[in-house]
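J.:
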Amino acid sequence: MRPTSLRSVTTRIPVRGDRPYDVLVGRDLAKHLPELIGSAARTAVLFAPPLLEQATAVARELPGPLLIEVPDAEAGKTVEVAARCWDALGAAGFTRTDAVVGVGGGAVTDLAGFVAASWLRGVPWVPVSTSLLGMVDASVGGKTGVNVAAGKNLVGAFHPPAGVLCDLDMLDTLPPDDLVAGLAEVVKCGFIADPVILDLLSSHRENLPELIERAIKVKVDVVGQDLRESGLREILNYGHTLGHAIEKREGYAWKHGHAVSVGMVFAAALARLAGRLSPDVAGRHRSVLERLGLPVSYDADAFPELLAAMQVDKKTRGATLRFVVLDGLGEPGILTGPAPELLEQAYAEVAA
0 MRPTSLRSVT TRIPVRGDRP YDVLVGRDLA KHLPELIGSA ARTAVLFAPP
50 LLEQATAVAR ELPGPLLIEV PDAEAGKTVE VAARCWDALG AAGFTRTDAV
100 VGVGGGAVTD LAGFVAASWL RGVPWVPVST SLLGMVDASV GGKTGVNVAA
150 GKNLVGAFHP PAGVLCDLDM LDTLPPDDLV AGLAEVVKCG FIADPVILDL
200 LSSHRENLPE LIERAIKVKV DVVGQDLRES GLREILNYGH TLGHAIEKRE
250 GYAWKHGHAV SVGMVFAAAL ARLAGRLSPD VAGRHRSVLE RLGLPVSYDA
300 DAFPELLAAM QVDKKTRGAT LRFVVLDGLG EPGILTGPAP ELLEQAYAEV
350 AA
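Residue numbering for the sequence shown is 0 to 351, as defined by numbering that gives the first Met the number 0.
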């Protein structure tokens with residue numbers, strides 16, 4: 000039975016910029032795919048095995064569908080998997096008049112976007128998000144990519160989609176743990192730009208559609224001004240510098256939202272210790288995340304390894320670490336080159 004809180008109204012959220020598109024939030028959205036892919040003659044549908052039923056339903060709406068199964072979650076975000084997809088497109092004779100659709104969570108849509116960006120130097124694509132994390136983060140903004148041994152998302156391209164489908168039907172069967180993990184990115188949006196989100200989280204199941212739309216609007220507002228992460232867009236990486244390092248250390252076995260949750264508590268502690276954030280706003284991070292059931296601590300002995308991983312973070316410049324921090328609720332900024340002892344003190348506050 001569908002939760003009554005997930006309404007059936009379809010909302011269109013426009014993404015501005017050089018290549019504008021719409022993010023659609025609602026139910027039964029696959030019917031909109033033909034209008035998004037336009038005159039494409041054929042469509043490759045990338046999906047993970049658990050989503051065969053959803054991918055098949057999506058394919059029925061598309062011209063000349065080619066179903067391509069990829070490994071689930073982060074195991075699918077590799078150059079090797081991308082190469083298998085390119086081979087499939089080549090064998091099928093895909094041209095620039097064709098399109099790619101990714102049906103899945105953030106990992107699958109990241110992969111689908113990268114395959115589309117690199118095939119013939121760019122063909123149209125559409126993410127059909129099946130997870131909360133994918134809806135509020137990965138599918139919006141045109142950042143595509145795969146993981147490599149050196150770190151997460153280090154190989155990729157900026158390739159805006161033709162449109163984004165956030166179909167609330169997909170959340171009806173989402174495991175509770177995955178829903179909670181996705182809420183970490185919603186919390187992030189609350190702290191960096193829309194504090195109303197933090198109040199709505201007290202009844203997150205009832206408020207889920209509004210939370211999704213508000214989080215998407217935060218991201219849309221940022222990427223519309225800074226597609227290529229040359230400045231403002233960095234704020235969307237709040238909590239991600241340590242979060243990505245945790246994911247790498249765990250071999251991507253940790254959920255992205257869980258790692259970002261710990262990363263936000265760390266970033267808040269770092270800002271407070273640097274004299275930039277009040278103790279009450281810093282403390283609110285831990286209380287909000289713990290109330291949702293998200294982790295707020297990590298292995299006490301891991302810091303040297305995590306520090307090494309953070310040195311290859313996308314925000315690092317040369318040997319200088321840079322962190323997105325808060326100067327207040329909804330007031331993000333950058334902390335450049337914090338002293339080693341400051342980093343250690345902040346990590347001590349998340350050490351398990």
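No residue lacks a Cβ here, since even glycine has one placed at the ideal position from N, Cα and C.
In whole angstroms, what is the alpha-carbon distance linking arginine 271 and alanine 281?
T.: Residue numbering aside, residue 271 sits at position 272 when the sequence shown is read from its first letter. Residue numbering aside, residue 281 sits at position 282 when the sequence shown is read from its first letter. Their backbone Cα atoms lie some 7 angstroms apart in a straight line.
J.: In chain order, what are the residue ranges of uninterrupted beta strand (DSSP E) at least 3 long that sit wholly in the region 1–59?
T.: 10–14, 20–25 and 42–46, all fully within the region 1–59.
J.: Between the region 257–274 and the region 183–193, are three or more C-beta pairs nearer than 8 angstroms?
T.: Yes, since at least three Cβ pairs between the region 257–274 and the region 183–193 fall closer than 8 angstroms, the two stretches touch.
J.: Which runs of the alpha helix (DSSP H), 4 residues or longer, sit entirely within the region 202–236?
T.: Qualifying alpha helix (DSSP H) stretches, in chain order: 207–222.
J.: To the nearest angstrom, how far is the alpha carbon of alanine 87 from that of phenylalanine 113?
T.: As a working note, residue 87 is residue 88 in the sequence shown. As a working note, residue 113 is residue 114 in the sequence shown. Each residue's Cα considered, the two are about 15 angstroms apart.
J.: What residue does the beta strand (DSSP E) around glutamate 68 start on, and which one ends it?
T.: Start at 1 with the first residue of the sequence shown, and residue 68 comes out as number 69. Note, glutamate 68: beta strand (DSSP E), 64–68.
J.: According to DSSP, simplified to helix, strand and coil, what is threonine 335?
T.: For the purposes of this step, residue 335 is identified with residue 336 of the sequence shown, where counting begins at 1. Strand.
J.: Would you check if the region 239–259 and the region 161–172 touch, i.e. whether three or more CB-CB distances between them fall below 8 angstroms?
T.: Not touching, per the Cβ criterion.
J.: According to DSSP, is proline 175 helix, strand or coil?
T.: Residue 175 sits at position 176 when you count from the first residue of the sequence shown. In this structure, proline 175 counts as helix in the three-state DSSP scheme.
J.: Let me know if glycine 292 comes out buried or exposed under the rule of 16 or more other beta-carbons within 10 Å of its beta-carbon.
T.: The residue labelled residue 292 in the question sits at position 293 within the sequence shown. It is exposed - the Cβ of glycine 292 has fewer than 16 other Cβ atoms within 10 Å.
J.: Look at the alpha carbon of valine 107 and the alpha carbon of glutamate 233, and state the distance between them as a whole number of angstroms.
T.: As a position in the sequence shown, residue 107 is number 108, starting the count at 1. As a position in the sequence shown, residue 233 is number 234, starting the count at 1. About 23 angstroms.
J.: Tell me whether aspartate 279 sits in a helix, a strand or coil according to DSSP, three-state version.
T.: As a first step, residue 279 must be located in the sequence shown, where it is residue number 280. Residue state, collapsed to three classes: helix.
J.: Between the Cα of alanine 214 and those of Gly238, Val222 and Gly189, spot the shortest distance and give me the residue it belongs to.
T.: By 1-based counting over the sequence shown, the position of residue 214 is 215. Taking only the C-alpha atoms, the option nearest alanine 214 is Gly189.
J.: The beta strand (DSSP E) spanning lysine 151 covers which residue range?
T.: The count along the sequence shown starts at 1 and reaches residue 151 at position 152. Start and end: 150–157.
J.: Three or more C-beta pairs under 8 angstroms: does that hold for the region 193–201 against the region 42–57?
T.: At 8 angstroms Cβ cutoff, the stretches do not touch.
J.: Can you tell me where the alpha helix (DSSP H) with arginine 271 in it begins and where it stops?
T.: Your numbering for residue 271 matches position 272 in the sequence shown. Counting along the chain, the alpha helix (DSSP H) containing arginine 271 begins and ends at 255–272.
J.: Would you check if there are 3 or more beta carbon pairs closer than 8 angstroms linking the region 237–248 to the region 293–311?
T.: With a cut-off of 8 angstroms, the region 293–311 and the region 237–248 count as touching, because enough Cβ pairs lie within range.
J.: What does the alpha-carbon distance come out to for the pair alanine 267 and histidine 284?
T.: Within the sequence shown, numbered from 1, the residue matching residue 267 stands at position 268. Within the sequence shown, numbered from 1, the residue matching residue 284 stands at position 285. Their backbone Cα atoms lie some 7 angstroms apart in a straight line.
J.: Leaving out the 5 sequence neighbours to the left and right, which residues in its chain are closer than 6 angstroms to valine 78 when beta-carbon positions are compared?
T.: Within the sequence shown, residue 78 is the residue found at index 79, counting from 1. Closer than 6 angstroms at Cβ, skipping near neighbours: Val145.
J.: By a C-beta neighbour count over all protein chains shown, 10 Å radius and 16 as the cutoff for buried, is proline 126 buried or exposed?
T.: Along the sequence shown, read from residue 1 onward, the residue named residue 126 stands at position 127. Proline 126 is buried by the Cβ-count criterion.
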